[in-house]
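**Student:**
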Amino acid sequence: MRLVRAIRYECFQMFFTKRWWGVPVVAVLLSVITAQDQLSAYEQGGHMAHYRLAFNAWDVVVRSTQTWLFLLVLVAPLLVIIVGESYLRDRSSNTMSATFPRVQSRTIWWTAKVLSMFIGAFVYMALFSLISLLVSSFFYPFAWHFSSFQLHPELVRKALVMFSGENTILMIREETPFLLLLHLLPYSTLSFGTYALAALTLSLRVHKPGLPALLMFGMGLLEFYAGKSSLWPPLHSWVMQTRLSYLFVNQTSTSFLINGTPAYTLSTSILYYLGLSILLWLTGNTLIHHDDL
Amino acid sequence: MEHVCELTGICKQYRSRKTVHEVLHDVSMTLDAGEVFGFIGPNGAGKTTLLRIMCGLAHPTKGKVVILGTDLTVRNAQLPTGIGVLVEYPSFIPELTGRRNLQLLASIRGVIGLPEVDATMELMGLDPANRTPAGRYSLGMRQRLGLAQAIMEKPRLLLLDEPTNGLDPQGVAELRSYIRHLADQGVAIFLASHLLNEVEQVCDRVAIVKQGHVLRQMSKNDPVPYRGFDLQVSSAKDWSLVQQWAVQHQATLAQKEGMQGGMVGTAVPVPDALRALVQAGASIESIIPDRDTLETTFLQAIQEEKK
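Line by line, the protein sequences are chains E and D.
Following this note's numbering, the numbering of the first sequence begins with 2 at its first residue and continues without gaps.
Following this note's numbering, the numbering of the second sequence begins with 1035 at its first residue and continues without gaps.
1. What separation, rounded to the nearest whole angstrom, lies between the Cα atoms of residue 263 of chain E and residue 281 of chain E?
2. Are three or more beta carbon pairs between the region 1300-1307 of chain D and the region 1224-1242 of chain D nearer than 8 Å?
3. Is there contact here, the region 84-104 of chain E with the region 1107-1126 of chain D, by at least three beta-carbon pairs under 8 Å?
4. Give me whichever residues DSSP pairs with residue 179 of chain E in a beta bridge.
5. In this structure, does DSSP put residue 1061 of chain D in helix, strand or coil?
6. According to a CB-to-CB cut-off of less than 7 Å, which residues of the region 83-110 of chain E neighbour chain D?
7. Look up residue 1083 of chain D in the DSSP assignment and say whether it is helix, strand or coil.
8. Quick check on residue 1056 of chain D: does DSSP put it in helix, strand or coil?
9. Pairs of beta-carbons, one from the region 141-157 of chain E and one from the region 1165-1181 of chain D, closer than 8 Å: are there three or more?
10. Going along the chain, which residues of the region 1128-1143 of chain D sit with their C-beta nearer than 7 Å to a C-beta in chain E?
11. Can you find a heavy atom of the ligand ZN that lies under 7 Å from the Cβ of residue 1317 of chain D?
12. Enumerated in chain order, which unbroken segments of the alpha helix (DSSP H) with a length of 4 residues or greater are wholly contained in the region 1097-1174 of chain D?
13. Buried or exposed: which applies to residue 1323 of chain D, given that a residue is buried once 16 or more other Cβ atoms fall within 10 Å of its Cβ?
14. Check the C-beta distance from residue 1195 of chain D over to residue 1081 of chain D and give it rounded, since I have them as a contact under 8 Å.
15. Name, in chain order, the residues that DSSP records as bridge partners for residue 1247 of chain D.
16. How about residue 1186 of chain D and residue 1150 of chain D: are their beta carbons less than 8 Å apart?
17. Between the C-alpha atoms of residue 1066 of chain D and residue 1190 of chain D, what's the straight-line distance to the nearest angstrom?
18. Three or more beta-carbon pairs under 8 Å between the region 1310-1321 of chain D and the region 1211-1229 of chain D, yes or no?
19. Going by DSSP, what residues sit across from residue 142 of chain E in a beta bridge?
20. Taking contact to mean 3 or more Cβ pairs, one atom from each stretch, closer than 8 Å, check whether the region 1047-1060 of chain D and the region 1075-1089 of chain D are in contact.
21. Using only CA atoms, which one of E:85, E:131, E:33, E:178 lies nearest to residue 151 of chain E?
22. Please confirm whether residue 1233 of chain D has its beta-carbon closer than 8 Å to some beta-carbon of chain E.
23. Spell out whether any CB of chain E is found under 8 Å from the CB atom of residue 1343 of chain D.
24. For residue 1183 of chain D, return the contacting residues in chain E, with the cut-off set at a CB-CB distance below 8 Å.
25. Considering only DSSP beta bridges, list what residue 1048 of chain D is partnered with.
26. Kindly indicate if chain C contains any beta-carbon less than 8 Å away from that of residue 2 of chain E.
27. With a threshold of 8 Å between beta-carbons, can residue 125 of chain E be considered close to chain D, or not?
28. Between which two residues does the beta strand (DSSP E) containing residue 1268 of chain D stretch?
29. In three-state DSSP terms, what is residue 254 of chain E?
30. Please name the residues in the region 17-29 of chain E whose beta-carbon is closer than 9 Å to at least one beta-carbon of chain D, in chain order.
31. At a CB distance below 8 Å, what residues from the region 1090-1124 of chain D approach chain E? Give them in sequence order.
32. Taking residue 121 of chain E as part of the alpha helix (DSSP H), name the residues at either end of that continuous run.
33. Look at the Cβ atom of residue 146 of chain E, then the Cβ atom of residue 54 of chain E, and state whether they are nearer than 8 Å.
34. Can you find a C-beta in chain D that's less than 8 Å from the C-beta of residue 294 of chain E?
35. State buried or exposed for residue 34 of chain E, treating a residue as buried only when at least 16 other CB atoms are found within 10 Å of its CB.
36. Helix, strand or coil, according to DSSP, for residue 1073 of chain D in the structure here?
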């Protein structure tokens, strides 16, 4: 019970900041604008209408999670700073002297911090998806099913033949929006939570604010480099598998297809993130038992 | 009898790449139920570090820390229940009210509810119905809120670091009497401060610390050497009689120029001195015993350390 109560306190501490609520709103607006630009490009020339293909609000939601540039460069680092620096904030604000004697155990204290990272990630993604859906409904009709554009990939390839070489026509394998969210939310929770946990674990030893964002930027560069070069294959494979820098971008880990080619599967990615999270929890637990808080 | 807190040979070092900085050196002390222990020293003396060790936030490099029967130096030791802590400049979730902050903190242990939270806030002079977020509290209000969180669960050991920070004179007086009240109820209180007057008025025992070294430990029950007293006298009919008496009794006489009055310092028994001075035509304005205060002891200890 003490663990549950400690998690509750950590979550309150995280959610009751203006920055926390500002980030999903900024993320959604930037992502929706970008996704809508892409959809508008597809609509030009009248090929879509010729094949009786149309968009609905879910097309924007799907694409808003793929605008990796904004997520990688702007929003995700900001969010990771908010959650990943939670320990540094506790240190600088003397909060721990009030919480730790109540939690009583270093392991429980650390576990509460770790789990709050994942709860934070889940709430963020749920909010992101909800706001994205609400905003998208102003531009495209809302429906409980996917659009004809998502449901008929063979027609899309014919209609948008000029885009096929650019590897940008994103199709998803999930049959319903419910299944999409069912995959998207746990995956994103795990990937973003693991990333924040990596930053949190690092901050136990390196007491430098801004480090999580730097870490994230470094991962982005590494991935960019790995994607463009012929690195040693296992390393390349590892970098592409982790895809930490993508955070919420699920194209490699849910059953998303890019031009019909599946990438990594959801289950292998979830196993990877679970393993990594447990490793980070163990590392952090060892550190907090050895170091001063 | 088991001590509430027992520290034995506590050393704390911080290592950087090239240097080892010793913050605490061989600190030993005990604290019993109902006792107020003052830990005084200048800034950087190691007071906060010792307090952090006592509440389990920091590990000592060497030594043994036993709090409420639990040895905190044992690997994976859990902090016992019944510890209340107030650090310097306490912090809260700034967007929430003081009441909500205390309620959330109390919910971690789950032993008290809102009625107790409200009662503690009122005791500390805070209004539970105040909707102002804690982030907009003044320094004094934040300190009162910090004290409220430290005492709301009725701890057996209370660790206070500079508790009078930001409090107004009335708040300081109230806190002083409340600390005594808690001690009378059996709470052991560790008070780290650099305000000697506060510590002197409220503590049963005091340790003077400088740069991590305990220079002196003393109790209010220790015998105080009597060195005499100072008399403030005025309006002497014949000032030369007072001067003559002072010379005869090896008393010191400090007189302001051109004034028929001054301070007489003497070790002569009080009744004899009063009689002689009245006969000499002096009016006695005040009598101040000349004994060591905590301030003089503190300064003396610091001076000795310098030598």
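Idealized CB from N, CA, C, for every residue including glycine.
**Tutor:** In short, the structure shows the following:
1. As a first step, residue 263 of chain E must be located in the first sequence, where it is residue number 262. As a first step, residue 281 of chain E must be located in the first sequence, where it is residue number 280. For residue 263 of chain E, the pLDDT reaches just 47, beneath the cut-off of 50, and the residue's location in the model is therefore unreliable, although a value from the coordinates is still provided. Residue 263 of chain E and residue 281 of chain E have their C-alpha atoms some 29 Å from each other.
2. As far as the Cβ criterion goes, the region 1300-1307 of chain D does not touch the region 1224-1242 of chain D, which means the pair count is below three.
3. In short, these stretches touch, since the Cβ pair count reaches three.
4. Reading the first sequence from its first residue, position 178 is the one you call residue 179 of chain E. Residue 179 of chain E pairs with nothing; no bridge assigned.
5. Residue mapping note: residue 1061 of chain D aligns to position 27 of the second sequence, counting from 1. Looking at residue 1061 of chain D - three-state DSSP - the assignment turns out to be strand.
6. Here the close residues are 94, 95, 96, 97, 98, 99, 100, 101, 102, 103, 104, 105, 106.
7. In the second sequence, the residue the question calls residue 1083 of chain D occupies position 49. Of the three classes helix, strand and coil, the one that applies to residue 1083 of chain D here is helix, per DSSP.
8. Start at 1 with the first residue of the second sequence, and residue 1056 of chain D comes out as number 22. Reduced to three states, the DSSP call for residue 1056 of chain D is strand.
9. Segments in contact, no.
10. Under the 7 Å Cβ criterion, the region 1128-1143 of chain D contributes 1129, 1130, 1138, 1139, 1141, 1142, 1143.
11. Ligands in the displayed structure: none, and consequently the ligand ZN is not present.
12. As far as the region 1097-1174 of chain D is concerned, its whole alpha helix (DSSP H) runs of at least 4 residues are 1132-1143, 1148-1157.
13. Position 289 of the second sequence, counted from the first residue, corresponds to residue 1323 of chain D. Around the Cβ of residue 1323 of chain D, a 10 Å sphere holds fewer than 16 other Cβ atoms; the residue is exposed.
14. Within the second sequence, the letter at position 161 stands for residue 1195 of chain D. Within the second sequence, the letter at position 47 stands for residue 1081 of chain D. A Cβ-Cβ separation of about 7 Å places residue 1195 of chain D in contact with residue 1081 of chain D under the 8 Å criterion.
15. As a working note, residue 1247 of chain D is residue 213 in the second sequence. The partner list for residue 1247 of chain D (beta bridge, DSSP) reads D:1059, D:1244.
16. As a first step, residue 1186 of chain D is located in the second sequence; it is residue number 152 there, counting from the start. As a first step, residue 1150 of chain D is located in the second sequence; it is residue number 116 there, counting from the start. Yes, the pair counts as a contact, with Cβ atoms nearer than the cut-off.
17. Counted from its first residue, the second sequence places residue 1066 of chain D at position 32. Counted from its first residue, the second sequence places residue 1190 of chain D at position 156. Put simply, the backbone Cα of residue 1066 of chain D is about 10 Å away from that of residue 1190 of chain D.
18. Cβ pair count under 8 Å is below three, so no.
19. As a first step, residue 142 of chain E is located in the first sequence; it is residue number 141 there, counting from the start. Paired residue(s): none; residue 142 of chain E is not in a bridge.
20. Output reads yes: the region 1075-1089 of chain D touches the region 1047-1060 of chain D.
21. Locating residue 151 of chain E in the first sequence gives position 150, counting from the first residue. Nearest neighbour of residue 151 of chain E by Cα position, chosen from E:85, E:131, E:33, E:178, turns out to be E:178.
22. Taking the second sequence and counting its residues from 1, the one referred to as residue 1233 of chain D is at position 199. So, not an interface residue.
23. No statement about residue 1343 of chain D is possible, as the shown extent of chain D runs from 1035 to 1341 and does not include it.
24. Taking the first residue of the second sequence as 1, we reach residue 1183 of chain D at position 149. The contacting residues are 99.
25. In the second sequence, counting from the first residue as 1, residue 1048 of chain D sits at position 14. As DSSP reads the structure, residue 1048 of chain D sits in a beta bridge with D:1055.
26. Of the protein chains in this structure, namely E and D, none is chain C.
27. Numbered from its first residue, the first sequence carries residue 125 of chain E at position 124. Chain D, which has no Cβ nearer than 8 Å to the Cβ of residue 125 of chain E, makes this no.
28. Working through the second sequence from its first residue, we reach residue 1268 of chain D at position 234. 1263-1268 is the extent of the beta strand (DSSP E) around residue 1268 of chain D.
29. Numbered from 1 along the first sequence, position 253 holds the residue referred to as residue 254 of chain E. Confidence is the limiting factor: at residue 254 of chain E the pLDDT is only 36, short of 50, which leaves the residue's position unreliable and the question unanswerable from this model.
30. Within the region 17-29 of chain E, the qualifying residues are 17, 18, 19.
31. Considering only beta carbons, the part of the region 1090-1124 of chain D lying closer than 8 Å to chain E consists of 1090, 1091, 1092, 1093, 1109, 1110, 1112, 1113, 1114, 1115, 1117, 1118, 1119, 1120, 1121, 1122, 1123, 1124, in chain order.
32. For the purposes of this step, residue 121 of chain E is identified with residue 120 of the first sequence, where counting begins at 1. Counted as a single uninterrupted DSSP element, the alpha helix (DSSP H) harbouring residue 121 of chain E occupies residues 107-137.
33. One-based indexing of the first sequence puts residue 146 of chain E at position 145. One-based indexing of the first sequence puts residue 54 of chain E at position 53. For residue 146 of chain E and residue 54 of chain E, no; Cβs fall outside 8 Å.
34. Indexing the first sequence from 1 puts residue 294 of chain E at position 293. True, the Cβ-Cβ gap to chain D drops below 8 Å.
35. For this step, residue 34 of chain E is matched to residue 33 along the first sequence. When all chains shown are included, residue 34 of chain E counts as exposed.
36. To locate residue 1073 of chain D, count along the second sequence from 1; it is residue 39. Strand.
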